[in-house]
Each structure stands twice: as structure tokens, then as C-alpha cells.
Amino acid sequence: MIKRYYFLIAFSVFLALVMALMPLPISAEPFRPDWVLLVLMYWSLAVPHRVNIGWAWVAGLLMDLAIGAPLGVNSLTYSICIYITVSNFQKIRNFSIWQQAVLVGLFLTLYHLLLFWLNHFLLDVYFSPHYLWPALTGMLCWPWIFLLLRKYRRQFRIR
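Numbering (our numbering), first residue to last: 50 to 208.
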């Protein structure tokens, strides 16, 4: 029974990874939401005893391997965002879905700023405002991701 829960959660994270790697038109690429982090945030809010920093670390390593980023950059940034989410999940759950969306937007901004800082340190990349567009699109996608994954969680009785 327990293994089934982990399989269903891992399947949703895998689908988010596939969506993160799907090709988009060049004009839409800067606006791609961070699907993996959004799905991890949902699961860390819904079932924090099952999805925690370890899941974020593994998903970040998979993301690093998939996109060819320096190993550990996404792992570290995912882990920091999920740590903050899990440590405050009881407060965040009590917010309305729109308040959660604003908070998720702040977490995504933190993620992108940390990602930029690490890439600047490792690869000598310079800041451009288009780095923060995915935070806005992720914030706008949060209500739909939340409702879709909540329906998925209730249908399969993931607790």
C-alpha cells in the first residue's frame, strides 16, 4: 500500500519532468513554468510526511542531468524551496488558493535568484530580467496545478 503512494507521487513528478523538457517555441521558452518545483511544492504541502527534501534533491539531480546543468545546482535550489515549504506547510495550507499562488510566486522568485547566483558563481552568467518570467507564469499556473493534483490525490486516496 505504501509503495503505491510513492509510485503515484513519483509518476506525477516524472510527468512534470517531461513537461519541463518538452520543446517550446523560442518565443515561449522564457515563460516556461518550473513544473517540477510546482509539483514538488504541491506534494510537500499535501503530504509533507511523504514528500520532503530528499524528493527535492533527487528531482533536482534528475533535472540537472536532463538539462546539462552543473550537477547539484537544481538539487540545492529545489531543496531550499521545499525545506521552506515543508517547514511552514501548516500555515500555507490555511491560505486561500490565490494567497498560496502569491506565496508560490515568491518561492519561485527565490528559486530563480538562487539559481542565477549559483550559475553566476560557477559559469559567470549575468543577470537579465527575463530570468524571473517563469516565477510569474508559475504563480499563474499554481491554482490549476493545485486543483488538478488535489483531484489526483483524492481519486487515488494518497495520504
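Glycine is no exception: its CB is placed at the ideal position from the N, C-alpha and C atoms. Since we're looking at a predicted model, the values are computed, not measured.
Own chain partners of residue i with C-beta closer than 6 Å, once the 5 adjacent residues on each side are dropped
i, result
"Leu-171", "Pro-119"
"Pro-82", "Pro-183, Thr-186, Gly-187 and Cys-190"
Reduced DSSP secondary structure (H/G/I, E/B, other) of residue i
i, result
"Ser-76", "coil"
"Phe-195", "helix"
"Asn-102", "What sits at residue 102 in the sequence shown is Ile, not Asn. Of the three classes helix, strand and coil, the one that applies to Ile-102 here is helix, per DSSP."
"Ile-207", "coil"
"Val-67", "helix"
"Arg-81", "coil"
Local Cβ density within 10 Å of residue i, reported as buried at 16 or more and exposed below that
i, result
"Met-71", "exposed"
"Ala-95", "buried"
"Arg-202", "buried"
"Phe-56", "exposed"
"Gln-204", "exposed"
"Gln-149", "buried"
- Message: Which runs of the alpha helix (DSSP H) at least 4 residues long sit entirely within the segment 113-187? Give them in chain order.
- Response: The alpha helix (DSSP H) runs lying completely inside the segment 113-187 and spanning 4 residues or more are 122-136, 138-142 and 146-172, given in chain order.
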